Amino acid sequence: MSPVKPKTNPDHLTPETAESPAGIYVHVPFCQTKCPYCSFVSYPGMDSKLKNNYIQTLHRQALKLAKHPWSEAREFNSLFVGGGNPPSVATEKMATCIAACLDAFNFTAGANNVPEVTLEANPNTVNPAMLQRFREAGVNRLSIGMQAFSDSMLNNIGRKHTVQDGVRAFELARAAGFTNINLDLMYGLPGQNVAVWKNSLQQAVALAPEHLSVYELTVEQGTPFAELAGKGELNLPHEDATLAMFEQAQESLTAAGFGQYEISNYARKGFACIHNINYWENGSYIGLGAGAVSCFSGVRIKSTESPEQFVHLLDKNRIPYTAAEFLPLQARFREAVIMGLRMTAGVSVSRLEKQFGVTPQKYYGAALGKLQQQELLHEVENRLRLTPKGLLLANRVMAQLV
Ligand code: SF4
Numbered sequence: 001m002s003p004v005k006p007k008t009n010p011d012h013l014t015p016e017t018a019e020s021p022a023g024i025y026v027h028v029p030f031c032q033t034k035c036p037y038c039s040f041v042s043y044p045g046m047d048s049k050l051k052n053n054y055i056q057t058l059h060r061q062a063l064k065l066a067k068h069p070w071s072e073a074r075e076f077n078s079l080f081v082g083g084g085n086p087p088s089v090a091t092e093k094m095a096t097c098i099a100a101c102l103d104a105f106n107f108t109a110g111a112n113n114v115p116e117v118t119l120e121a122n123p124n125t126v127n128p129a130m131l132q133r134f135r136e137a138g139v140n141r142l143s144i145g146m147q148a149f150s151d152s153m154l155n156n157i158g159r160k161h162t163v164q165d166g167v168r169a170f171e172l173a174r175a176a177g178f179t180n181i182n183l184d185l186m187y188g189l190p191g192q193n194v195a196v197w198k199n200s201l202q203q204a205v206a207l208a209p210e211h212l213s214v215y216e217l218t219v220e221q222g223t224p225f226a227e228l229a230g231k232g233e234l235n236l237p238h239e240d241a242t243l244a245m246f247e248q249a250q251e252s253l254t255a256a257g258f259g260q261y262e263i264s265n266y267a268r269k270g271f272a273c274i275h276n277i278n279y280w281e282n283g284s285y286i287g288l289g290a291g292a293v294s295c296f297s298g299v300r301i302k303s304t305e306s307p308e309q310f311v312h313l314l315d316k317n318r319i320p321y322t323a324a325e326f327l328p329l330q331a332r333f334r335e336a337v338i339m340g341l342r343m344t345a346g347v348s349v350s351r352l353e354k355q356f357g358v359t360p361q362k363y364y365g366a367a368l369g370k371l372q373q374q375e376l377l378h379e380v381e382n383r384l385r386l387t388p389k390g391l392l393l394a395n396r397v398m399a400q401l402v
């Protein structure tokens, strides 16, 4: 795309030496049922024998990777256990695996003097003893897949929990001592309008979580929703209404004291998600489990998506990876720009130059100038950022920079 190639500068940082502490993602690909919009690696109805084997295998994989020279040379500051629905496996085994990860890798204390340890959970799958056990294992952040505060919306997207389940999960988490709770919310749902969405936002705010992730529903190929959409049977809101919902989230959540620190993420001061920031800042992370992706020092590795195969391969002392690519410097540069622009603080131009030997201005040339003229991007205090208008049209801006 660009006549100007990024290059490493031996006198300054390299993409590797500029790395901050890495993250660890643990994937638990089991769910009660498959939501009709979901394209994640997740499987409903798996038997408990496979689930137990899977968690034991995850545990072994963590211990093995912790001894790898790359891991031993690094510090980690976040562990994120996602899915799927991690509470759908045996609590004791999962908690033991989490504690073992925290022990085996070189974790550093974050801003709150402990590494950030997040567990995702669907509302109708938690109970007090489970939450207590996860707290003891070191989990200090709970991310609840609430999605909507309207039973009819939850029904429209095939969720198996109610609003009441979500409120109860939140209250149980507080009672268990969680002081950092995220609620996932979705907008652009079939049958949703701005008023219904605004009501969901108000109810979410009333619970007073520390963090809210607010994602637009995307219709992914190969899902039942894609089939319905193809037949014209998915009653999705018009694009203008969806944009209005995005703006409504900004308005309601900033008025309630949340800061929008990423296109889809809002937090109270001091509660931005360390794990996700590492991802958007193009930092390194190790993915454990079936379907997990690792990305470190310019290498991206994908694990087999099959939990059975994952268990089988590790039982045979073989690696569970199905694909690996070494990302050329140009691709790493573009990713660093695009991911960094998702953050409202933008991406540091001087840091990019130190890492890659080129600035966005030099690399993208006129294409970047045009986006700036259109007031979609601007540079403020050496950081390239999306403008408010650019945030609204982020997909369009990113498409010019890939
Ligand atoms: S609960 Fe989450 S991971 Fe599981 S099927 Fe639904 S959207 Fe997918």
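Counting from 1, position 389 in the sequence shown corresponds to residue 389 in our numbering; the numbering is continuous, with no gaps.
Every residue gets a Cβ at the ideal spot worked out from N, C-alpha and C, and that includes glycine.
Just so it is clear, the structure is predicted and the values come from calculations on it, not from any experiment.
query	result
Within a Cβ cutoff of 7 Å, which residues of the same chain sit near Ala99, ignoring the five residues on either side of it in sequence?	Ala137 and Gly138
Does the distance from the CB of Pro224 to the CB of Pro36 come in under 8 Å?	yes
Since Phe258 contacts Leu207 with CB under 8 Å, what's their CB separation in whole angstroms?	Not really, about 13 Å apart at Cβ, beyond 8 Å.
Please report how far the alpha carbon of Ser143 lies from the alpha carbon of Val380, in whole angstroms.	32 Å
Examine the ligand SF4 and report whether any of its heavy atoms sits within less than 7 Å of the Cβ of Phe107.	no
Identify whether Pro190 lies in helix, strand or coil by the three-state DSSP scheme.	coil
Please give the ranges of any beta strand (DSSP E) in the segment 214-300, keeping only runs that are unbroken, at least 3 residues long and fully inside the region.	259-262, 265-267, 285-288 and 293-296
Given this structure, state the Cα-to-Cα distance separating Arg159 from Gln221, to the nearest angstrom.	19 Å
State whether the segment 270-282 contacts the segment 109-129, with contact taken as three or more CB pairs (one from each stretch) at a distance under 8 Å.	yes
Would DSSP call Thr304 helix, strand or coil?	coil
On a CA-only basis, which of Met94, His312, His161 and Gly145 is nearest Ile215? Give me that one, please.	Per the sequence shown, the amino acid found at residue 215 is Tyr instead of Ile. Measuring from the Cα of Tyr215, the nearest candidate turns out to be Gly145.
Is it buried or exposed, Ala62, if we count other Cβ atoms within 10 angstroms and call 16 or more buried?	buried
First and last residue of the alpha helix (DSSP H) that includes His59?	Ser48 to Ala66
Could you tell me whether the Cβ atoms of Ser306 and Ser264 are closer together than 8 Å?	no
Determine the direct distance from the alpha carbon of Leu386 to that of Ala345, and round the result to whole angstroms.	9 Å
Once DSSP output is grouped into helix, strand and coil, what is the label at Asn156?	helix
For Glu335, which three-state DSSP category applies?	helix
Based on the DSSP secondary-structure assignment, which residues constitute the bridge partners of Leu185?	Gln147 and Val214
Between the segment 386-395 and the segment 359-366, do at least 3 Cβ pairs fall closer than 8 Å?	no
Quick one: what's got a C-beta closer than 7 Å to Met94's C-beta in the same chain, skipping five residues either side?	Ile55 and Pro86
Measuring CA to CA, which of Gly232, Glu308, Tyr285 and Val41 is closest to Gly298?	Tyr285
Buried or exposed for Ala129, please, with buried defined as at least 16 other CB atoms from any protein chain shown within 10 angstroms of its CB.	exposed
Buried or exposed for Ala248, going by 16 or more other Cβ atoms inside 10 Å?	The question names Ala, but residue 248 is Gln in the sequence shown. By the 10 Å Cβ count, Gln248 comes out buried.
Please classify Thr33 as buried or exposed, where buried requires at least 16 other C-beta atoms within 10 Å of its C-beta.	exposed
With which residues is Asp116 paired in a DSSP beta bridge?	Here residue 116 turns out to be Glu, not Asp, going by the sequence shown. Glu116 is bridged to Ser78.
Looking only at its own chain, which residues have a Cβ that is under 6 Å from the Cβ of Pro209, when we skip the five neighbours before and after it?	Ile181 and Leu183
Cutting at 7 Å between CB atoms, please list the residues of its own chain near Ala66, excluding the five before and the five after it.	Ala104 and Phe105
With a threshold of 8 Å on Cβ separation, who are the neighbours of Ala267 within its own chain once the five nearest residues in sequence on each side are excluded?	Glu210, His211, Leu212, Phe258, Gly259, Tyr261 and Cys273
Which residue comes first and which comes last in the beta strand (DSSP E) that contains Ala22?	Ala22 to Val28
Please list, in chain order, all residues of the same chain as Pro328 whose beta carbon is under 6 Å from its beta carbon, the five residues on each side excluded.	none
Express the C-alpha separation of Gln400 and Ala440 in angstroms, rounding to a whole number.	This structure does not reach residue 440, given that the chain is present from 1 up to 402, and the question cannot be answered.
Do Leu23 and Phe76 have their C-beta atoms within less than 8 Å of each other?	Checking the sequence, you will find Gly at residue 23 rather than Leu. Yes, Cβ-Cβ distance for Gly23 and Phe76 is below 8 Å.
Count the other CB atoms within 10 Å of the CB of Ala290; is the residue buried (16 or more) or exposed (fewer)?	buried
I'd like the list of long-range same chain contacts for Gln203, defined as Cβ closer than 7 Å, with 5 residues on each side in sequence excluded.	Phe149
Among the candidates Gly82, Asn53 and Cys101, whose CA atom is the shortest distance from the CA of Cys31?	Gly82
Would you mind stating whether Met153 and Leu189 have Cβ atoms separated by less than 8 Å?	yes
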